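Sequential numbering from 1 applies to the sequence shown in full-length UniProt numbering.
We put the CB at the ideal spot given by N, CA and C, even for glycine.
Since we're looking at a predicted model, the values are computed, not measured.
One structure below.
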Amino acid sequence: RKKGINQELSGVLNELWKLDVNRMKPGKDYKINLQGKAGFVAEGSNNARDSARAPLFSYVDEKKLKSMDTYAHFISLLDNYEMSTGVTEHVTKEELQENHLFLDAILKTEVMKCAHRYLVRKGLAKSDPAQFKSQLYDIWFNLYRRDKSGGEDSCGFEHVFVGETKHGKEIMGLHNWVQFYHQEKNNHVDYKGYKARNNKDTPDEDDHVLNLQFSWNGLVKPVGSCFIGVSPEFEVALFTIVFFLSDERVTKVTVKVDEYLLEIVVYRFGRSIGTSYPKMISSNNRDF
Numbered sequence: 001r002k003k004g005i006n007q008e009l010s011g012v013l014n015e016l017w018k019l020d021v022n023r024m025k026p027g028k029d030y031k032i033n034l035q036g037k038a039g040f041v042a043e044g045s046n047n048a049r050d051s052a053r054a055p056l057f058s059y060v061d062e063k064k065l066k067s068m069d070t071y072a073h074f075i076s077l078l079d080n081y082e083m084s085t086g087v088t089e090h091v092t093k094e095e096l097q098e099n100h101l102f103l104d105a106i107l108k109t110e111v112m113k114c115a116h117r118y119l120v121r122k123g124l125a126k127s128d129p130a131q132f133k134s135q136l137y138d139i140w141f142n143l144y145r146r147d148k149s150g151g152e153d154s155c156g157f158e159h160v161f162v163g164e165t166k167h168g169k170e171i172m173g174l175h176n177w178v179q180f181y182h183q184e185k186n187n188h189v190d191y192k193g194y195k196a197r198n199n200k201d202t203p204d205e206d207d208h209v210l211n212l213q214f215s216w217n218g219l220v221k222p223v224g225s226c227f228i229g230v231s232p233e234f235e236v237a238l239f240t241i242v243f244f245l246s247d248e249r250v251t252k253v254t255v256k257v258d259e260y261l262l263e264i265v266v267y268r269f270g271r272s273i274g275t276s277y278p279k280m281i282s283s284n285n286r287d288f
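Following this line, the structure appears as structure tokens:
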């Protein structure tokens with residue numbers, strides 16, 4: 001297992017982890033309730049046994065959340081998208097403005113500055129902050145056509161952080177905890193339980209990465225994985241770095257971040273992110 005770890009990238013990501021001052025603290029700023037282990041759901045089926053009667057998030061300090069610039073701007077982006085692919089996105093002036101405000105906010109953080117320095121050092125990003133910002137815009141906010149039948153219906157940010165549905169039959173994306181919490185609070189998301197390979201693999205409530213199963217507006221995601229509690233700038237930094245590392249359609253790297261052994265997966269869609277997410281392989285605070 002160990003030999004596959006990308007040491008250089010792990011080093012950079014641990015630096016970002018240490019710099020992530022906006023990460024929310026489990027048990028204090030938010031509480032999750034893991035409940036039962038989710039069952040198997042066949043591909044394309046929307047029936048899942050509910051192994052969790054209560055929501056995943058039992059508490060989130062919303063005042064603290066909204067008091068942080070990057071979260072506040074992030075939250076304002078969550079209602080800007082049409083959920084269904086094939087439905088053309090109409091981006092208003094105000095929404096364009098919100099995209100820019102979000103990028104401006106994250107670019108002020110030490111997390112993004114560190115990511116930027118690393119990418120410049122590798123010759124992958126422009127050193128001028130304004131040009132780097134426009135690279136980020138292309139990767140995350142440029143609209144593209146995910147469904148052949150319609151107009152420009154998708155973008156990296158929408159897919160990864162907001163989530164979308166395909167032909168009303170399957171959930172795509174939605175790998176962000178703030179969005180998950182908001183959707184759960186509005187009764188659109190129903191958490192079905194955590195996913196674990198075996199009994200040793202049981203997550204705990206302090207984990208900052210989870211594999212979970214849920215339904216969203218009646219559609220089931222058999223297994224989705226997301227960071228919990230980390231800031232939006234941390235996720236953007238991490239996925240942006242991995243996106244830049246290769247021109248392959250799919251990039252998968254194994255890294256050790258804090259106590260977590262993760263696979264970071266990034267799909268590209270032309271010059272943008274198609275999807276990106278972490279996959280928890282194991283956590284150090286448990287014996288494997």
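- In the displayed model, Lys166 falls within a strand according to three-state DSSP.
- Under the DSSP assignment, Tyr191 falls in the beta strand (DSSP E) whose first and last residues are Val189 to Tyr194.
- In terms of Cβ geometry, Val111 and Glu233 form a close pair [threshold 9 Å].
- Residue burial annotation: Ser215 is buried, with at least 16 other C-beta atoms found within 10 angstroms of its C-beta.
- Here Leu13 has Leu238, Val255 and Val257 as same chain residues with Cβ atoms under 7 Å from its own Cβ, once five neighbours each way along the sequence are excluded.
- Between Ile273 and the set Gly36, Ile281 and Ser246, the nearest pair of CA atoms involves Ser246.
- Distance from the Cα of Glu8 is smallest, within the candidate group Ile106, Val242 and Val178, for Val242.
- Per the DSSP secondary-structure output, Lys221 pairs in a beta bridge with Phe214.
- Boundaries for Met68: no alpha helix (DSSP H) harbours it, and the DSSP string shows neither H nor E there.
- Spatial neighbours of Trp177 in its own chain (CB-CB distance under 6 Å, excluding positions within 5 residues in sequence) are listed in chain order as Cys226 and Ile228.
- Glu89 is a Cβ neighbour of Glu152, given a cutoff of 9 Å.
- A Cβ-Cβ distance of about 21 Å is found for the pair Gly123 and Trp140, leaving them out of contact under the 8 Å criterion.
- Inclusion of Leu34 and Ala48 in the CB contact set at 9 Å is not warranted, their separation being larger than that value.
- Within the same chain, Pro26 and Gly27 come within 7 Å of Asp206 by CB-CB distance, once the 5 residues on both sides are set aside.
- Here Ser76 carries a helix assignment [DSSP, helix/strand/coil].
- In this structure, the beta-carbon distance from Val253 to Asn6 falls below 9 Å.
- Between Tyr191 and Leu56, the C-beta gap is smaller than 9 Å, which places the two residues in contact.
- Inclusion of Arg23 and Val160 in the CB contact set at 9 Å is not warranted, their separation being larger than that value.
- Following the DSSP letters along the chain, one finds Thr251 inside the beta strand (DSSP E) bounded by residues Val250 to Val257.
- In terms of CA proximity to Leu143, Arg271 leads the group Val41, Arg271 and Ile281.
- Look at Leu261 here: in three-state DSSP terms it is strand.
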